[in-house]
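Structure first, commentary second.
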Amino acid sequence: MAFLSFLFAFFYSLSSLIILCHAIDRIKNGESIQDGETLVSSEEIFELGFFNPENSTLRYVGIRYHKIPGQPVIWVANRDRPISNRNGSFKIGEDGNLIITDGNGNSIWSSNQNISNNNTVAILENSGTLKLSSDNEELWESFEHPTDTFLPNMKVRASLSAGEQRVFTSWKSATDPSPGNFTMGIDPSGAPQILIWKNSTRRWRSGYWDGQIFTGVPNMTILANIRYGFKFVMDFMTYTPSNSSDLMRFHIRWDGYEEQLKWNVEKNEWDVMQTQPANDCELYNFCGSFGVCKESSNPKCKCLDGFSPRHPDEWMKGNWSGGCVRTAELQCQRNTTNGGNDGFKELSCNKLPDFAVVRTGVSLESCQEMCLSNCSCNAFAVVQNIGCMIWNGDLIDIQDFGIPRIVMHLRLADSEFDGKKLSAAVIALIVVAGVIFVALFVLLIWGLQRRLKVSPAAISASLMRKSEKPFFDKSKSKEYSTEMSGPADLFIDGSPVNGPDLPLYNFNSVVAATNNFSEENKLGQGGFGHVYKGKLPGGEEIAVKRLSKISGQGLQEFKNEIILIAKLQHRNLVRLLGCCIEGEEKMLLYEYMPNKSLDGFLFDSAKQALLDWKTRFDIIEGIARGLLYLHRDSRLRIIHRDLKASNILLDEEMNPKISDFGMARIFGGNQNELNTNRVVGTYGYMSPEYAMEGLFSVKSDVYSFGVLLLEIVSGRRNTSFRSTIHVSLIAYAWELWRENRTMELVDLSIRDSCNESEVLKCIHVGMLCVQDSAVHRPTMSAVLLMLETNSPTLPLPRQPTYTSTRTSIDTSEIFPEGQEIQEISSGTDNVRELSSSSVGLISGSRINGTKKKI
């Protein structure tokens, strides 16, 4: 009996100890939290308790992150009435309200609700909110009384009837939680937009919400809204992250800047996703009334068309706050009836002016009429998901990101258009002059025919040939053999390459499209030269690859792309729109990819979250289909030879498109493998037989695809392991595969939300593709079948030995990562002198020519 009593006492004590070890997330009526004690949410994400800011002895009650270093504070109760000692108490009072008392029992702060039943309980939830309730009736919560921080799942009122909602108030300083000078909230008038105020003055605004994005935030696209996750429902704004496990917060800093932060588990620190205002142009009305700000321009401010600086001297000095005024009055503003009716000029604006009046269900024509009928109306726009927007009064806080998105119609006096119109008399004069010129030309041809007895067509062709400039300067480039059979024919090596699928553009039109190859239009550069963004007269956006005149690289690649890609059409291949070849100028015009290249998302910690698993899997499948088309289904059988993340471009819907065919090779119908004395490509993506022996085939592309697939799954470059014991991503993946820890390879940003079976299948396929022997690798048709089959039976991969050894030589000094190298190779023997271990170490360097001896 005594033994049973002992056991009972032991287990009772043990259970009590276990209860004490668990975090307490709630207090009931009559219970309290003393200074030094805390409430901790059930998943131990947040805690509530007393704290003092850095370099201060004053005590506040606040909610903080429980385990994150520094414990950032997200909510403060008694921010304007701190306690000067450590004798404070946080509890539920006799009236059922939450209260804070000092050491003398004086009430410092209260939830201040009318509560009929004092049987209340306060719970700190995992979302970060503190809720007070009674009998399942919610009475009060901290989310409805925020301080300076906005958290996911918090609701912010955005009701037009309620007016401006200044919900968040900054700290007074970095170490003083008392209310500061800056507030942040929602202005629901017109269309909702987020604002930051300094006292009563607007400091920054997000631009209007169009149902998907805030149109005035430069980096916020419809795709990015997946990441931002803002929604307006029932007069409330909420935010939901794409990954529910991510810790994210928005807060208004004491100095007036709003930050979006995401906790980086790997780095053990907060990543700053965005800061607003991010530059001068984002400061409210930086250029004054009727001024437009463009951060990439110099000067940043300019007046709208039809307007000039109000204070020209100050404007020239860089003081743009005075804004601009009309150069010609509107018809309704003039005292005379002379002059024509006002007109509208279309302008591309990204952040539309503030204080719009919105009318829904109004057509473009009706919206224009509404503006014309009101003398104070200066502009209008019809925006999808918002409606007819009209601006009465000054146009303020306009910003241009350089990305055409929204058209605003600016109202101008008729005289502003006069200089751009031709009178009927001028038009008639031009027509008459043209007729006379044609008549004289016909007489000239007739006279030559009589004298020389040669057909008019032959003479006309002769005159045209004499007046034409050749597309190539043969004296300066022997790479090309060109023949001209007319102004629109281009021959390379005796074969015509242009036609309906590949039009020729003249140099002047490309100059105009790229704004004279301006720096602001520059997208990137490589050993071949630069790539610029352009816009054709019809509005189509293009990317222009311009071969550098002084570059020793790229001539062969340029020629290769013209010959190859013009004959290829597939949704997963970048489309070549045309070319421009005049004198020494050689350019290729491609469709513009707004999301640029895959590596810009995949290896950027700030953008990885945009690539959820579904997007990554779709990209993998798209690349596989593109390669299959090149290897099997196109009119030409093509080996790409430089497949890598930077050569995968993404359109606005994140569809992948294979680009850069400068190093591609055409295979004959009966060819399976070729040997080259010019090894080109990027180490880390090269198959062993190609890197060391110059042998390439379709299986070389399969190897590159396998490396790329593993990079997409892991979010890490193959080269990021260069200084580790694993040497490469392939070696690391094999080790995890062998130890049944394959899921550890998956990018942390998608590991908890991905389809595990699909991920494991992709890694398995990737390991099959990177096998040392080309014979053992699958074809792209087999790869695509494996990817698209729900439950495929896959063969086991063989261990890759290509990257399993290392060398003591620091080859990064010889071939720095990303550097392009070109030499003329004398054969494949030199290639073989580069050991496999060295190849593994210098992966990532792009090679165009033979390798130096190591």
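All residue numbers for the sequence shown refer to full-length UniProt numbering, where the first residue is 1 and numbers rise by one.
From the three backbone atoms N, C-alpha and C, an ideal C-beta is built for every residue, glycine too.
If you're wondering where the values come from, they're calculated on a predicted model, not measured in any experiment.
- The Cβ-Cβ distance between PHE344 and PHE290 does not fall below 9 Å.
- For ILE213, there is no enclosing beta strand (DSSP E), since its DSSP letter is neither H nor E.
- DSSP places ASP313 outside any beta strand (DSSP E); the residue lies instead in the alpha helix (DSSP H), whose first and last residues are 312-316.
- Around the beta carbon of HIS776, fewer than 16 other beta carbons sit within 10 angstroms, so the residue counts as exposed.
- According to DSSP, GLN276 shares a beta bridge with GLU258.
- Out of THR801, PRO797, MET767, VAL759, the CA that lies nearest to the CA of GLU788 is found in VAL759.
- In the DSSP assignment, ARG202 is bridged to TRP197.
- Between ALA774 and THR682, the alpha-carbon positions lie close to 18 Å from each other.
- In terms of CA proximity to ALA609, LEU261 leads the group ASN279, GLU346, LEU261.
- Secondary-structure assignment with DSSP links TYR690 through no beta bridge to anything.
- The beta carbon of PRO179 sits closer than 7 Å to the beta carbons of ARG79, ASP80, THR169, LYS172 from its chain, once the five residues preceding and following it are set aside; these are given in chain order.
- Between LEU412 and the set ILE581, GLY387, VAL362, ARG326, the nearest pair of CA atoms involves ARG326.
- Residue nearest to ASN219 within the set THR275, MET237, ASP271 is THR275 (criterion: CA-CA distance).
- Per DSSP, ARG86 has no beta-bridge partner at all.
- Residue range 780-788 is occupied by the alpha helix (DSSP H) that includes SER781.
- Residue pairing for THR514: DSSP places it in no beta bridge.
- In the same chain as PRO146, and ignoring 5 residues on each side of it, the C-beta atoms closer than 8 Å to its own belong to TRP75, MET154, VAL167, PHE168, in chain order.
- For LEU708 and ARG616, the gap between their C-alpha atoms comes out near 11 Å.
- Inside the segment 33-91, DSSP marks whole beta strand (DSSP E) runs of 3 or more residues at positions 38-40, 46-51, 60-65, 73-76, from first to last along the chain.
- In the DSSP assignment, GLY180 falls within the unbroken beta strand (DSSP E) covering 176-187.
- In terms of Cβ geometry, SER634 and HIS570 form a close pair [threshold 9 Å].
- Burial check for PHE437: the Cβ neighbour count within 10 Å stays below 16, so the residue is exposed.
- Closest by C-alpha distance to ASP135, out of ASP187, LEU630, SER116, LYS657, is SER116.
- Secondary-structure assignment with DSSP links VAL325 through a beta bridge to SER308.
- With contacts defined as CB atoms closer than 9 Å, ILE619 and LEU630 fail to qualify as a contacting pair.
- Counted as a single uninterrupted DSSP element, the alpha helix (DSSP H) harbouring ALA624 occupies residues 613-628.
- For GLU711, the number of other beta carbons within 10 angstroms of its own is at least 16, and it is reported as buried.
- Inside the segment 720-747, DSSP marks whole alpha helix (DSSP H) runs of 4 or more residues at positions 729-738, from first to last along the chain.
- Taking every protein chain shown into account, the CB of THR183 has 16 or more other CB atoms within 10 angstroms, so this residue is buried.
- Beta bridge pairing from DSSP links TYR590 with ALA543, LEU576.
- Within the DSSP bridge table, the entry for THR169 names THR183 as partners.
- Here THR129 really is in contact with PHE143; their C-beta atoms are around 4 Å apart, less than 8 Å.
- CA-CA distance, SER200 to TYR257, rounds to 16 Å.
- Taking the Cα of GLY766 as reference, the smallest distance to any Cα among VAL713, GLU125, PHE150, GLU739 is reached at VAL713.
- Per DSSP, ILE396 has no beta-bridge partner at all.
- In this structure TYR505 is not in contact with ALA543, their Cβ atoms being roughly 13 Å apart against a cut-off of 8 Å.
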